[in-house]
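Here is the structure we will look at, set down as structure tokens.
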Amino acid sequence: MNKKILIIEDDTNAMMLYKEELEKEGYQILTASSGIEGLSIIEEEKLDLVILDLRMPEMDGLEVLGKVLVKRKNLPVVIFTSYPEYKNNFLSWAADAYIIKSVDLSELKNKIKELIGNP
Amino acid sequence: MFDNNFNDFKRAIFIIHNIDKELLRSCLDIEDILHVTLTGITAGYFLGFSRAFMLLYEEDNKVLTGKKGIGPFDIEEANLIWQKIGDGIPIEKLFENGKRAELKNSRFNLSVEKIKINVEELPEEDYIKKVIKEKRIQVLYNVDKNNVKLPEQIKFLLQPSDIVISPILAESSLIGIIFADNAFHRKPITEETLLFLSLISIHTALSLEIAIKYNEIKKIQKELLEKEKFVAIGKVASFVTHEIRNPLVKIGGFSRQILETDDQDKIKRNIKIIYNEILQLEKVFDRIINLISFSEISIEEVNIYDLIKEVIEFLNDEIKEKNIEIVFDLQPIWLKGDSIQLKEVFFNIIKNAVENNKENGKIIIKGEITGKYFKITIEDTGIGISEEDLKDVVKPFFSKKKSGLGLGLTVAKEIVERHKGELMIESKINEGTKVKIFLPMEVKNE
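Chains A and B, in that order, give the protein sequences.
Sequential numbering from 1 applies to the first sequence in the numbering used here.
Sequential numbering from 1 applies to the second sequence in the numbering used here.
Spelled out as structure tokens, the structure:
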């Protein structure tokens with residue numbers, strides 16, 4: 001049974017890219033285009049990891065992170081964003097990793113492997 | 001002096017008129033003023049000195065700096081250069097720019113440009129000190145290069161000749177000093193020539209004073225503008241990196257996929273995505289450039305009434321499409337401001353009011369004088385903004401719309417503040433938004 005990862009990302013193209021790239025690695029990928037949608041999936045599904053974008057309309061990533069922690073204390077969360085400055089926001093410290101978006105996805109892939117092992 | 005000689009009088013008028021005409025034409029450029037003055041002094045038509053140079057004085061550090069010299073350095077050059085700029089050239093060609101480069105690279109000019117004299121270090125008997133102190137022309141006849149009481153840097157340039165040293169004074173403060181001599185041809189310096197030189201010095205002084213002040217103001221203005229730009233850049237920098245990084249990551253990722261696949265459909269799909277991301281990027285750039293390259297506000301009389309009418313006219317299609325009623329309660333009023341930038345303010349706000357409005361909604365535009373300000377209220381009956389979002393709406397790149405970049409209100413607020421005004425937003429979810437713009441009745445340009 002492949003490990004299940006949820007990507008919460010409001011940008012459709014970006015989401016498609018990450019989904020395809022991680023599926024290639026062998027993970028099973030679920031997607032949510034908003035924090036609210038993501039939270040309902042977290043409640044329904046047994047997930048191994050969440051990849052979370054920060055600046056999103058409706059519900060901001062950090063707020064989603066807080067709610068994930070309340071619901072699933074042990075679920076690993078990787079913040080994946082193009083904003084470096086939220087690293088200084090202590091709310092972001094609750095995540096298991098904080099990765100700046102880059103064309104090279106190897107940092108993200110390595111971190112996932114480190115957190116949950118092979119697919 | 002002209003009593004019995006009408007021709008002398010005519011010549012005097014001719015000289016002053018021609019130099020003045022050129023000074024006026026070159027009015028704000030120091031380099032031009034020096035060129036015109038020195039050409040006038042040396043050209044055979046005019047005063048006929050063989051050489052002339054000018055030092056400008058800096059009051060702050062009491063230093064005289066060599067700025068420009070026209071004339072031959074020594075007897076060998078004399079024939080060459082003198083012919084070129086002298087009698088052989090028609091008068092209207094004399095001041096032309098073509099001669100400039102040639103003159104600039106002459107040995108005489110290059111030597112003049114090296115001169116730097118600290119006036120405070122000069123001995124009392126030095127002629128430069130005398131000229132500054134007495135504020136009048138000094139004439140030295142048959143100068144002996146080795147014994148004349150002048151700084152070494154000046155002596156270096158001298159040839160056996162008579163020298164005239166004339167101060168350039170503006171309201172009795174020293175702007176510079178003109179040196180002129182009759183080296184090589186040794187035509188005697190007449191009283192008439194000295195009078196002309198004094199007159200030219202006065203005219204040059206006036207032109208130079210204005211040009212120097214103008215350059216100072218220009219410099220300060222430029223510095224201020226740079227600072228403001230810097231702040232504006234800092235403000236948007238983090239949003240900019242985000243707006244650029246996001247599309248770049250996608251463009252990079254999808255292009256790498258192309259490299260790794262042979263699936264034609266996927267390649268086509270990816271190229272389409274990449275193309276669209278690049279279009280997005282271009283839009284981001286355009287808007288950022290608009291945001292940070294605000295020109296200084298130009299202050300002119302602006303009729304706010306006309307400005308808003310124009311904006312409404314421009315948005316007419318969207319207004320009709322949603323069947324929005326515009327309630328217009330504004331009298332023509334003239335304020336001082338930048339019409340183009342203010343139009344952008346009203347455009348951004350009214351466009352928001354239209355886009356966020358409901359079908360058959362209303363936009364109410366009101367204007368009234370409150371104290372020193374003219375208050376314009378633009379109120380819509382749209383979807384409104386939540387209390388939480390309200391504090392963010394003027395931040396760059398805040399937008400709830402998929403298509404917008406979230407810069408409209410940022411730009412509007414920035415422009416209003418540049419006009420020393422204020423922009424305030426009130427809103428209630430599902431009831432509408434009210435934007436209040438306060439513009440000062442008088443805007444002073446800084």
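Ideal Cβ positions, reconstructed from N, Cα and C, are used throughout, including at glycine.
Mapping DSSP to helix, strand and coil, what is residue i?
i        : result
Gln138/B : strand
Phe73/B  : coil
Ile303/B : Contrary to the premise, residue 303/B reads as Asn rather than Ile in this sequence. In this structure, Asn303/B counts as strand in the three-state DSSP scheme.
Asn105/B : coil
Met441/B : coil
Glu446/B : The predicted position of Glu446/B is uncertain, since its pLDDT is 40 and thus under 50; no value can be drawn from it.
Glu431/B : coil
Leu34/B  : helix
Asn118/B : strand
Asn62/B  : It should be noted that the sequence gives Lys, not Asn, for residue 62/B. Here Lys62/B sits in coil by DSSP.
Asn18/B  : helix
Ala43/B  : coil
Glu282/B : helix
Leu330/B : coil
Val70/A  : helix
Lys322/B : coil
Met16/A  : helix
Val143/B : coil
Tyr83/A  : coil
Val78/A  : strand
Tyr27/A  : coil
Lys46/A  : coil
Phe49/B  : coil
Ala95/A  : coil
Leu28/B  : coil
Lys10/B  : helix
Spell out whether any CB of chain B is found under 8 Å from the CB atom of residue i.
i        : result
Asn89/A  : no
Leu65/A  : no
Glu44/A  : no
Val68/A  : no
Glu37/A  : no
Leu75/A  : no
Ser82/A  : yes
Glu9/A   : no
Lys111/A : no
Val103/A : yes
Ala14/A  : yes
Leu52/A  : no
Glu107/A : no
Glu20/A  : yes
For residue i, decide whether its Cβ has a neighbour in chain A, counting only Cβ atoms nearer than 8 Å.
i        : result
Leu390/B : no
Leu34/B  : no
His419/B : no
Phe254/B : yes
Gln257/B : yes
Asn454/B : For chain B, the structure presents residues 1 to 446; residue 454/B sits outside this window and is missing.
Val435/B : no
Ile217/B : no
Lys213/B : no
Lys250/B : yes
Please report the straight-line C-alpha distance between residue i and residue j, rounded to a whole angstrom.
i        : j        : result
Ile116/A : Met59/A  : 27 Å
Ile364/B : Lys420/B : 24 Å
Ala14/A  : Leu307/B : 42 Å
Lys129/B : Asn142/B : 20 Å
Phe438/B : Arg418/B : 12 Å
Ile41/A  : Tyr275/B : 32 Å
Phe156/B : Glu216/B : 32 Å
Glu140/A : Lys4/A   : Any question about residue 140/A goes unanswered here, given that chain A covers just 1 to 119.
Leu49/A  : Val68/A  : 11 Å
Phe179/B : Gly69/B  : 9 Å
Gly253/B : Lys268/B : 14 Å
Glu125/B : Gly66/B  : 21 Å
Ile30/B  : Asp74/B  : 27 Å
Ile79/A  : Tyr86/A  : 10 Å
Ile220/B : Ile163/B : 39 Å
For residue i, list the residues DSSP reports as bridge partners.
i        : result
Ala32/A  : Ile8/A
Thr241/B : Partner(s): none; Thr241/B has no beta bridge.
Ile108/A : Sequence check: residue 108/A is Leu here, not Ile. Note: Leu108/A sits in no beta bridge, so no partner.
Glu426/B : Lys434/B
Leu52/A  : Ile8/A, Ile79/A
Ile100/A : Thr81/A
Exercise. Could I get the ranges of all uninterrupted alpha helix (DSSP H) runs contained in the stretch 148–203 of chain B, with 4 residues as the minimum, in chain order?
Key: 152–155
Exercise. Identify every run of the beta strand (DSSP E) within the stretch 338–419 of chain B, keeping only runs that are complete inside it and at least 3 residues long; order them along the chain.
Key: 362–370, 373–380
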